[in-house]
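Per this note's numbering: the sequence shown = residues 40 to 138. All C-beta atoms, glycine included, are put in the ideal place defined by N, C-alpha and C. These figures come from a predicted structure and were not determined experimentally. Here's the structure, in structure tokens; my notes come after.
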Amino acid sequence: MITRSQKGIIKPNPKYVLTSTTNSTNIPREPHNIRATLAHPRWKVAMDEELEALHKNKTWVLVPCTSDMHVIGSKWVFKPKLKLDGSLDHLKARVMAKG
């Protein structure tokens with residue numbers, strides 16, 4: 040049996056593979072609060088697209104809160120999506136339920 044080290048094949052460390060391609064200056068940082076998100080127009084568009092998709096799929100409906108309901112909070116998650124070459128593909132915003 041021949042192992043990788045005998046053939047001279049070295050598997051690259053995954054945490055260093057894309058470091059040079061993802062440090063581009065045109066990729067916006069992930070916002071950590073809603074104020075930073077709304078200040079950047081491209082993140083705002085991503086939020087609007089997510090809410091539009093939720094309404095279109097009928098998975099998000101606001102209803103009045105009553106005393107017998109158990110309300111679950113939500114949180115926005117933001118990620119820049121990259122192409123294989125490391126350039127920006129699009130900005131993705133998701134609404135996640137807490138709990």
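Review point. Mind checking A78: buried by the 16 CB within 10 Å criterion, or exposed?
Key: Numbered from its first residue, the sequence shown carries residue 78 at position 39. That one is exposed.
**Study point:** Unbroken alpha helix (DSSP H) run spanning H94, endpoints
**Key:** Translated into the one-based positions of the sequence shown, residue 94 becomes position 55. Its alpha helix (DSSP H) spans residues 80 to 95.
Check your understanding: Excluding sequence positions up to five away, which residues of its chain have a Cβ less than 7 Å from the Cβ of A136?
Key -> Along the sequence shown, read from residue 1 onward, the residue named residue 136 stands at position 97. Leaving aside the five residues that flank A136 on each side, the residues in its chain whose CB is nearer than 7 Å to its CB run, in chain order, I111, S113.
Check your understanding: Quick one, which of T76, W99, Y55, I49 has its alpha-carbon nearest K118's?
Key -> Reading the sequence shown from its first residue, position 79 is the one you call residue 118. Cα-wise, what sits closest to K118 is T76.
Review point. DSSP puts K136 in a beta bridge; with which residues?
Key: For this step, residue 136 is matched to residue 97 along the sequence shown. The sequence shown places Ala at residue 136, not Lys. A136 is bridged by DSSP to S113.
Review point. Can you list, in chain order, the residues of its chain whose CB lies under 7 Å from that of E89, leaving out five sequence neighbours each side?
Key: Translated into positions along the sequence shown, residue 89 becomes position 50. Same-chain partners within the cutoff: A132, R133, V134.
Check your understanding: Expressed to the nearest angstrom, what Euclidean distance is found between the alpha-carbon atoms of L93 and M86?
Key -> Looking up residue 93 in the sequence shown gives position 54. Looking up residue 86 in the sequence shown gives position 47. When rounded, the distance between both Cα atoms is 11 Å.
Review point. Is L121 helix, strand or coil when you go by DSSP?
Key: Reading the sequence shown from its first residue, position 82 is the one you call residue 121. Looking at L121 - three-state DSSP - the assignment turns out to be strand.
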